[in-house]
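Whatever position you read off the sequence shown (first residue = 1), add 10 for the numbering used here. Ideal Cβ positions, reconstructed from N, Cα and C, are used throughout, including at glycine.
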Amino acid sequence: MGDLRPFLRLQSDTWLNTLKQRVADAVLSGAVTTSFTNASQSGSREQVLPTAELSAQLTDVLFEKGLVSGSKPSRMTFVRFTR
């Protein structure tokens with residue numbers, strides 16, 4: 011399977027957290043593959059992926075979005091004062 015990160019980046023935080031829980035359950039049960047439904051206006055499609063691959067890509071996106079506790083990047087503001 012290809013890179014799912016662009017698709018995952020477009021999803022809502024709620025959807026990503028739900029998928030995170032499903033992947034966690036799959037890892038704990040020792041499942042080799044995980045399935046999820048990709049629904050859109052044109053229809054829905056079920057995807058079956060290796061759990062390890064989906065977990066790695068999902069983890070990257072969760073860190074980027076700051077959805078993993080304590081992973082939100084700190085903000086830095088630069089200010090320049092002139093007279």
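For residue j and residue i, the rounded distance between their alpha carbons
i: Arg19; j: Val71; result: 6 Å
i: Val37; j: Thr61; result: 7 Å
i: Trp25; j: Phe88; result: 34 Å
i: Arg90; j: Ser79; result: 33 Å
i: Leu64; j: Gly53; result: 22 Å
i: Asp23; j: Phe73; result: 12 Å
i: Glu56; j: Phe46; result: 6 Å
i: Lys75; j: Arg93; result: 39 Å
Local conformation of residue i per DSSP, three classes
i: Phe17; result: helix
i: Leu77; result: coil
i: Val42; result: coil
i: Arg32; result: helix
i: Gln67; result: helix
With 16 other Cβ atoms within 10 Å as the buried cut-off, status of residue i
i: Val33; result: buried
i: Thr44; result: buried
Nearest-angstrom beta carbon gap, residue j and residue i [assumed within contact, 8 Å]
i: Asn77; j: Leu29; result: It is worth fixing the name first, because residue 77 is Leu in this sequence and not Asn. Rounded, the Cβ-Cβ distance is 11 Å, inconsistent with contact.
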